[in-house]
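Numbering (the numbering used here), first residue to last: 11 to 122.
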């Protein structure tokens, strides 16, 4: 398998993990209305978990995302770079770097 195909597969896996994490957290979070005039009926049925369980699951999902993002970064770094400029290489790494930073900033967002 070529290095570009491996990178594509890694990116696809990263996106699947992200989508699954969002779906899982949306389903398992205990939602409360921000405004009493805006009902939560658009969410459908949720299966709220206890906060400790949800936090542990969220932490595991974040670690999965970070692991996948690092795999993508490793594959990008392994690509031959003599045909591309440094600017192009940096642009290619921006998405992965952003995803890693999002994972590392989860503490600020979730207070854990």
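By construction, the Cβ of each residue, glycine as well, lies at the ideal position given by its N, Cα and C atoms.
Inter-residue CB distance, residue i and residue j (contact presumed, cutoff 8 Å)
| i | j | result |
| --- | --- | --- |
| residue 78 | residue 27 | 5 Å |
| residue 86 | residue 103 | 6 Å |
Candidates the options: closest to residue i by CA position
| i | options | result |
| --- | --- | --- |
| residue 107 | 58, 95, 97, 76 | 76 |
| residue 111 | 73, 12, 62, 89 | 73 |
| residue 13 | 88, 69, 35, 48 | 88 |
| residue 35 | 63, 48, 22 | 63 |
Same chain, Cβ closer than 6 Å to residue i, neighbours up to 5 away in sequence not counted
| i | result |
| --- | --- |
| residue 20 | 81, 82, 85 |
| residue 67 | none |
| residue 71 | 31 |
| residue 95 | none |
| residue 109 | 79 |
Other residues of its chain near residue i: CB distance less than 8 Å, five sequence neighbours each side excluded
| i | result |
| --- | --- |
| residue 16 | 85 |
| residue 97 | none |
| residue 48 | none |
Beta-carbon proximity list for residue i, same chain, < 7 Å, skipping 5 on both sides
| i | result |
| --- | --- |
| residue 23 | 78 |
Looking at C-beta atoms only, is the number of pairs between the segment 56–71 and the segment 32–39 that lie closer than 8 Å three or more?
yes
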